[in-house]
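Participant: Everything in the sequence shown is counted per my numbering, starting at 153 for the first residue and increasing by one. Glycine is no exception: its CB is placed at the ideal position from the N, C-alpha and C atoms. Got a structure here, written out as structure tokens. Questions coming.
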Amino acid sequence: MKYVPVFGRNIDSYIQKRLNNKTHLICTFDREDGLKLYILAIEINMRLEDNSLMPWGKYKGEKMANVPATYLMWLYNNEKCNAEVQAYIEDNMDALKEEIRQLGDKKDETKRYSKPIG
Numbered sequence: 153m154k155y156v157p158v159f160g161r162n163i164d165s166y167i168q169k170r171l172n173n174k175t176h177l178i179c180t181f182d183r184e185d186g187l188k189l190y191i192l193a194i195e196i197n198m199r200l201e202d203n204s205l206m207p208w209g210k211y212k213g214e215k216m217a218n219v220p221a222t223y224l225m226w227l228y229n230n231e232k233c234n235a236e237v238q239a240y241i242e243d244n245m246d247a248l249k250e251e252i253r254q255l256g257d258k259k260d261e262t263k264r265y266s267k268p269i270g
């Protein structure tokens with residue numbers, strides 16, 4: 153949980169638009185200068201899921217499920233990932249290895265059935 157102070161004049165509608173299932177209004181205070189202080193609580197999901205967005209790198213903004221397994225394993229093996237991405241990889245290690253194995257099988261089939269050039 154992360155707590156965020158927000159203050160301003162006539163921003164009730166702004167605050168209401170920001171509230172959702174992960175952002176909650178904790179309390180409000182009226183200040184002497186006419187401003188209101190809002191304390192918001194934001195739930196932080198420390199575990200990435202398939203629909204979570206890749207937080208950084210070459211595939212930043214892509215859904216984790218769409219990030220190539222080879223890239224994720226490269227990050228993992230080269231210790232280039234943060235704790236969130238590392239946990240996602242460890243949680244999905246078997247599926248990632250299977251995806252890489254299937255990619256390898258497809259490459260072998262392509263080599264087997266393609267005509268040599270020349």
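#1: For a minimum of 4 consecutive residues, which ranges assigned as the alpha helix (DSSP H) are wholly contained in the region 174 to 251?
#2: To which residues of the same chain is residue 238 closer than 7 Å at the C-beta, ignoring the five residues directly before and after it?
#3: I'd like to know if the region 161 to 174 and the region 202 to 211 are in contact, where contact means that at least 3 CB-CB pairs between them fall below 8 Å.
#4: Tell me the rounded alpha-carbon separation between residue 248 and residue 235.
#5: Between the Cα of residue 163 and the Cα atoms of 155, 153, 191 and 173, which residue gives the shortest distance?
#6: How many Å lie between residue 179 and residue 173 at the Cα?
#7: Since residue 224 contacts residue 241 with CB under 8 Å, what's their CB separation in whole angstroms?
Facilitator: So, to answer that:
#1: 221 to 229 and 235 to 243
#2: 228
#3: no
#4: 17 Å
#5: 191
#6: 17 Å
#7: 5 Å
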